[in-house]
Amino acid sequence: MIFEHFLLFTISIAIFITSFAVFNSYQSYFSSVAFNDQLNGIKDYISSNLLKISLIPENTTMILQIPKRAGNEFYVINLTNTGLNITAEPSNRFVFSELFYLNASFNFSGFIEPGRESIIISKKGNNIFVS
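Yeah, the sequence shown ends on 1023 if you go by the working numbering, and it's all consecutive.
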């Protein structure tokens, strides 16, 4: 009788540990997917507004509201002639956009430090920069 109770207890502990491991792996996967989707959403939002400002013929400035964090991480935004790079800190996961090959017509520059809730996109001549 004691052996049967011990065996039942051991099997229930094994089921619990297995269930916990499966749940933990699914949670990690879905958190990672959600985090990457948030970074891609921020990248797409900024990229589309860079495209929009490039189509305006005169000099102009635009203010964008962006989230402070993606997931639980701050991120930096770096705009260069090669494209738009958004890097999360401290995980160093990043997303990149080539900006629709606009670098043939415009010069891009700018760096946004972590924790900002808004950015300013300015166009002066063929120069577009973020601050």
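All C-beta atoms, glycine included, are put in the ideal place defined by N, C-alpha and C.
First and last residue of the uninterrupted beta strand (DSSP E) at residue i
i	result
residue 980	975-981
residue 1007	No beta strand (DSSP E) holds residue 1007; DSSP gives it neither H nor E.
residue 1021	1019-1022
Proximity to residue i [Cα-Cα], best of the options
i	options	result
residue 981	963, 991, 989 and 971	963
residue 890	967, 944, 917 and 952	The structure shown does not extend to residue 890, since the chain is modelled only from 893 to 1023, so the question has no answer here.
residue 976	1004, 896 and 929	1004
Cβ separation of residue i and residue j, assumed to be a contact under 8 angstroms, to the nearest whole Å
i	j	result
residue 969	residue 1011	7 angstroms
residue 1023	residue 1007	The Cβ separation is near 15 angstroms, so there is no contact.
residue 971	residue 992	About 14 angstroms separates the two Cβ atoms, so there is no contact after all.
Rounded C-alpha distance that separates residue i from residue j
i	j	result
residue 931	residue 1014	22 angstroms
residue 927	residue 907	30 angstroms
residue 893	residue 900	11 angstroms
residue 996	residue 933	25 angstroms
residue 935	residue 910	38 angstroms
residue 978	residue 960	13 angstroms
residue 1017	residue 947	12 angstroms
Residue i beta carbon near the ligand FMN (any heavy atom closer than 8 angstroms)
i	result
residue 977	Inclusion of the ligand FMN in the displayed structure is not the case, the ligand content being empty and no account of it being possible.
Continuous beta strand (DSSP E) assignments of at least 3 residues falling wholly in the stretch 905-987: The qualifying runs are 952-957, 966-972 and 975-981.
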